[in-house]
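Okay, so here's the structure we're looking at.
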Amino acid sequence: MHLAIPVDDLGAARRFYGGVLGLDEGRCSDHWIDWNLHGHQLVTHLVASESAVQGMSEVDGHRVPVPHFGLLLQSEDFHALAERLRTAGVEFVIDPYLRFPGRPAEQWTMFLRDPAGNALEFKAFADEEQVFAR
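So the number in this note's numbering is just where the residue sits in the sequence shown, counting from 1, plus 437.
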């Protein structure tokens, strides 16, 4: 997967994606930075005048930010990241919680925003076979 997102401050992006999330930095220039998002290429592009248009969608009794992007993690990695984010003082849009408990799509999920306002979701399924189950 390759994903490019707009940011309004590369220094803030570097501190958040490299420092807070702990992603390895790849190639970069004075207007973009490549990140290793668990084997996927995430590129933060400097777009000074652009702002992310945000809406909300109701899921499991929570208002989920739209658009958003995210990553499926193993449960232990999800909880380690949640703790890392708490320690860094990151404000969650939706705090880490167990969604759909006891159902086929049971999953841990959390939502947050990067410094440019881009919404991110991280989740971990109890059974990875159920990621696309209907």
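Ideal placement from N, C-alpha and C gives every residue a C-beta, glycine not left out.
Review point. What distance in whole Å lies between the Cβ atoms of V484 and D471, which are believed to be in contact at a cut-off of 8 Å?
Key: Residue numbering aside, residue 471 sits at position 34 when the sequence shown is read from its first letter. Residue numbering aside, residue 484 sits at position 47 when the sequence shown is read from its first letter. In this structure, D471 and V484 do not form a Cβ contact; the two beta carbons are roughly 16 Å apart against a cut-off of 8 Å.
Practice item. Could you tell me the distance, in whole angstroms, from the CA atom of P443 to the CA atom of A519? Key: Here residue 443 corresponds to residue number 6 of the sequence shown, with the count starting at 1. Here residue 519 corresponds to residue number 82 of the sequence shown, with the count starting at 1. The alpha-carbon atoms of P443 and A519 are separated by roughly 24 Å.
Exercise for review: List in chain order: all unbroken beta strand (DSSP E) runs of 3+ residues lying wholly within the stretch 532-570.
Suggested key: DSSP runs (the beta strand (DSSP E)) wholly in the stretch 532-570: 544-550 and 556-562.
Check your understanding: Are the Cβ atoms of H475 and L440 separated by less than 8 Å?
Key -> One-based indexing of the sequence shown puts residue 475 at position 38. One-based indexing of the sequence shown puts residue 440 at position 3. No, the pair does not count as a contact, with Cβ atoms beyond the cut-off.
Review point. From which residue to which residue does the beta strand (DSSP E) around L474 run?
Key: Counting from one through the sequence shown, the residue named residue 474 turns up at place 37. Run containing L474: W469 to L474, per the beta strand (DSSP E) assignment.
Point to revise | Start and end residues, beta strand (DSSP E) containing E495 | key: Residue 495 sits at position 58 when you count from the first residue of the sequence shown. For E495, the uninterrupted beta strand (DSSP E) segment begins and ends at G492 to V496.
Practice item. Have a look at D564 and W545 and give me their C-alpha separation to the nearest angstrom. Key: The sequence position of residue 564 within the sequence shown is 127, counting from 1. The sequence position of residue 545 within the sequence shown is 108, counting from 1. Separation of D564 and W545 (C-alpha to C-alpha, rounded to the nearest whole angstrom) is 11 Å.
Review point. Alpha carbon to alpha carbon, what distance is there between F569 and P538?
Key: Along the sequence shown, read from residue 1 onward, the residue named residue 538 stands at position 101. Along the sequence shown, read from residue 1 onward, the residue named residue 569 stands at position 132. About 17 Å.
Review point. According to DSSP, is A441 helix, strand or coil?
Key: Numbered from its first residue, the sequence shown carries residue 441 at position 4. In this structure, A441 counts as strand in the three-state DSSP scheme.
Exercise for review: Spatial neighbours of R500 within its chain, please: CB distance less than 6 Å, with the 5 preceding and 5 following residues excluded, ordered by chain position.
Suggested key: As a working mapping, residue 500 is identified with position 63 in the sequence shown. Within the same chain, and ignoring the five residues on either side of R500 in sequence, the residues whose Cβ sits closer than 6 Å to its Cβ are M493.
Practice item. Just the C-alpha distance for V503 and L458, rounded to the nearest angstrom, thanks. Key: The residue you call residue 503 lines up with position 66 of the sequence shown. The residue you call residue 458 lines up with position 21 of the sequence shown. C-alpha of V503 to C-alpha of L458: approximately 21 Å in a straight line.
Review point. Between A542, G498, G554 and W469, which lies nearest to L447 when the distance is taken from Cα to Cα?
Key: Position 10 of the sequence shown, counting from 1, holds the residue named residue 447. For the residues A542, G498, G554 and W469, the minimum Cα distance to L447 belongs to W469.
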